[in-house]
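Oh and the sequence shown: position 349 is 650 in this note's numbering, straight run, nothing missing. C-beta atoms are modelled at their ideal positions from N, C-alpha and C, and glycine is treated no differently. Please read these numbers as outputs of a predicted model, since none were measured by experiment.
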Amino acid sequence: MLQTFKKILIANRGEIALRIIRTCKEMGIQTVAVYSTADRESLHVRFADEAVCIGPPSSAESYLSIPKIMAAVEITNADAIHPGYGFLAENADFAEVCAEYGIKFIGPTPTQIRKMGDKITAKETMVKAGVPVVPGSDGLLKDLKSGLKIAKDIGYPVILKATAGGGGRGMRIVWNPDEFEDNWMKARQEAKAAFANDGIYVEKFIEEPRHIEIQIAGDQYGKVIHLSERDCSIQRRHQKLVEESPSPFITDELRAAMGKAAIQAGEAINYEGVGTVEFLVDKHREFYFMEMNTRIQVEHTVTEEVIDHDLIKEQIKLAAGDKITGDNYIPAMHAIECRINAEDPFNDFRPSPGKITSFHSSKGHGVRVDTHVYAGYTIPPYYDSMIAKLICRAQTREECITKMERALDEFIVEGVKTTVPFHQMLMKNERFRSGDFHTGFLNEWDFKAQKK
Ligand code: MV4
């Protein structure tokens with residue numbers, strides 16, 4: 302039997318902290334929760350074997366503080382850290398500090414994180430690995446003149462991106478040459494202010510793309526497999542709201558081609574652990590590497606449901622040196638996830654923190670709810686507003702949507718506003734039901750007009 306870890310410290314909060322604790326329990330691994338003073342009443346604190354308060358509510362002084370987390374590791378004698386998603390999950394310096402202290406960071410190496418964190422380095426690495434990328438500049442733009450020349454050669458519209466950006470931050474679309482200079486200056490200023498790095502590159506702007514990502518897993522001996530795709534095109538201002546697998550847009554042929562490209566991407570950096578390769582897919586089903594996430598993601602649950610494997614368990618086993626013996630995984634079922642956020646969908650998705658006075662989560666066959674909240678819990682205003690993930694699984698997409706409608710109808714949260722009504726309308730929307738949507742869909746659809 303593989304020797305795993307004795308005690309894992311979870312450097313996170315909310316549903317993902319609880320999600321990791323559950324798997325550790327099943328694996329016989331002790332758990333340490335860390336928490337800010339705003340999270341004293343959180344379930345991750347209650348369900349962990351030990352809990353250490355690491356500071357005040359501000360993330361910078363708690364969940365993002367490397368010294369505080371390393372102090373908690375030291376006093377509890379944990380031998381590994383699971384970073385979850387967000388916070389320190391893609392912080393190469395943190396992974397490096399863990400290595401210096403002899404603590405296993407459950408995730409890729411600092412080098413692997415850095416190679417994907419800088420977007421132009423990532424793109425260059427992908428070109429060398431034979432992964433399709435969006436046509437654009439070879440590396441950073443040197444000056445205005447060469448930028449204009451490249452934009453003219455690839456054809457407008459083009460998009461300017463910050464090499465230190467990602468997840469939609471630091472991008473500007475340019476529709477014609479007259480707008481290029483102004484956008485270039487602004488992109489540089491913004492990137493300098495946001496990331497202390499004003500490196501900009503240019504790409505052809507792909508119109509109405511779908512966001513389809515491939516889950517991969519790599520072991521420490523160079524083997525990389527893919528676990529099929531998730532369609533994450535239903536998003537608003539770069540915040541995903543619904544994810545599903547399989548993608549309604551994909552064909553077996555396209556899955557094979559994208560899966561192969563994602564494996565090539567992982568192999569190119571000797572990727573270890575679970576990760577996600579994001580692609581833009583245009584209306585002709587041409588796909589292009591966008592970025593790689595070197596962490597477990599919120600929507601990993603959708604993949605878990607369709608391939609019937611615990612990805613956190615796989616992640617821990619890979620970190621402990623387990624070998625991958627199986628082959629790629631192809632979905633056997635359909636799964637959809639709706640993110641239930643404490644936000645008012647009728648008021649620009651404004652956060653709605655506060656006390657949950659009544660809470661009933663959906664249940665029944667094929668329904669999964671991952672959440673850290675309960676009746677009487679107060680949602681603090683300091684962190685992200687996701688309070689639950691509602692995941693449904695069925696044999697077909699149609700049955701899955703029907704099940705989701707039923708599950709949404711019995712999801713009751715009182716005391717705060719939630720995204721449940723938004724999801725109820727989406728499940729009835731003809732374009733969603735037919736699978737005819739892309740990343741711009743929520744901008745085009747006036748869902749508020751549907752409100753009774
Ligand atoms: C693009 C693009 C169109 N063309 N790149 C947004 C997130 C970041 N990872 C890159 N993004 C985009 N890059 C080119 N060349 C359109 C987007 C984009 C997008 C991508 C995925 C999901 C939602 C999106 C919403 C707006 C823009």
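- Comparing alpha carbon positions, the residue from 679, 377 and 725 closest to residue 332 is 377.
- Counting other Cβ atoms within 10 Å of its Cβ, residue 647 stays below 16 and is therefore classed as exposed.
- In the structure shown, residue 672 falls within a strand segment according to DSSP collapsed to helix, strand and coil.
- Annotated three-state conformation of residue 527 is strand, per DSSP.
- Of the candidates 715, 653 and 606, the residue whose Cα lies closest to the Cα of residue 667 is 606.
- Ranked by Cα distance from residue 566, the first of 665, 382, 590 and 408 is 590.
- A distance below 8 Å between beta-carbons, with the five flanking residues on each side excluded, links residue 396 to the following residues of its chain, in chain order: 406, 408, 409, 410, 411 and 414.
- Rounded to whole angstroms, the Cβ separation of residue 503 and residue 418 is 20 Å, and the two are not in contact under 8 Å.
- Remark: C-beta atoms of residue 544 and residue 556 do not approach each other more closely than 7 Å.
- Residue state for residue 565 is assigned as helix, using DSSP reduced to three classes.
- A straight-line Cα-Cα distance of about 44 Å links residue 563 and residue 677.
- In the displayed model, residue 740 falls within coil according to three-state DSSP, outside both helix and strand.
- Judged by the Cβ position, residue 512 qualifies as a neighbour of the ligand MV4 at the 6 Å threshold, a heavy atom of the ligand being closer than this.
- The three-state secondary structure of residue 481, taken from DSSP, is helix.
- The C-alpha of residue 348 lies about 9 Å from the C-alpha of residue 323.
- As computed with DSSP, residue 533 is found in no beta bridge at all.
- DSSP places residue 542 in the uninterrupted beta strand (DSSP E) bounded by 540-546.
- According to the DSSP assignment, residue 445 belongs to no beta strand (DSSP E) but to the alpha helix (DSSP H) extending over 445-455.
- Between residue 357 and residue 681, the beta carbon gap of about 11 Å keeps them out of contact (Cβ cut-off 8 Å).
- DSSP places residue 508 in the coil class of the three-state scheme, outside both helix and strand.
- In this structure, residue 694 sits near residue 636, with a CB-CB distance shorter than 7 Å.
- When distances are taken from the beta-carbon of residue 469 to the heavy atoms of the ligand MV4, the shortest one is below 6 Å.
- In this structure, residue 577 has its beta carbon at no less than 6 Å from each heavy atom of the ligand MV4.
- Residue 336 is bridged by DSSP to 354.
- A distance of 7 Å or more separates the beta carbons of residue 466 and residue 539.
- Residue pairing by DSSP places residue 659 opposite 715 in a beta bridge.
- By the neighbour-count criterion, in which 16 or more other beta carbons inside 10 Å mark a residue as buried, residue 696 falls on the exposed side.
- A direct Cα-to-Cα measurement between residue 662 and residue 672 gives close to 9 Å.
- By the neighbour-count criterion, in which 16 or more other beta carbons inside 10 Å mark a residue as buried, residue 500 falls on the buried side.
- Counting along the chain, residue 638 sits inside the beta strand (DSSP E) bounded by residues 635-642.
- If you look at residue 465, you'll find it in the beta strand (DSSP E) that goes 459-467.
- Just so you know, the alpha carbons of residue 491 and residue 653 end up roughly 29 Å apart.
- With a cut-off of 6 Å, the C-beta of residue 591 is classified as near the ligand MV4, since at least one heavy atom of the ligand falls inside that distance.
- The criterion of a C-beta distance shorter than 7 Å is satisfied by residue 534 and residue 739.
- From the listed residues 528, 698, 570 and 423, the smallest Cα separation to residue 625 is found for 528.
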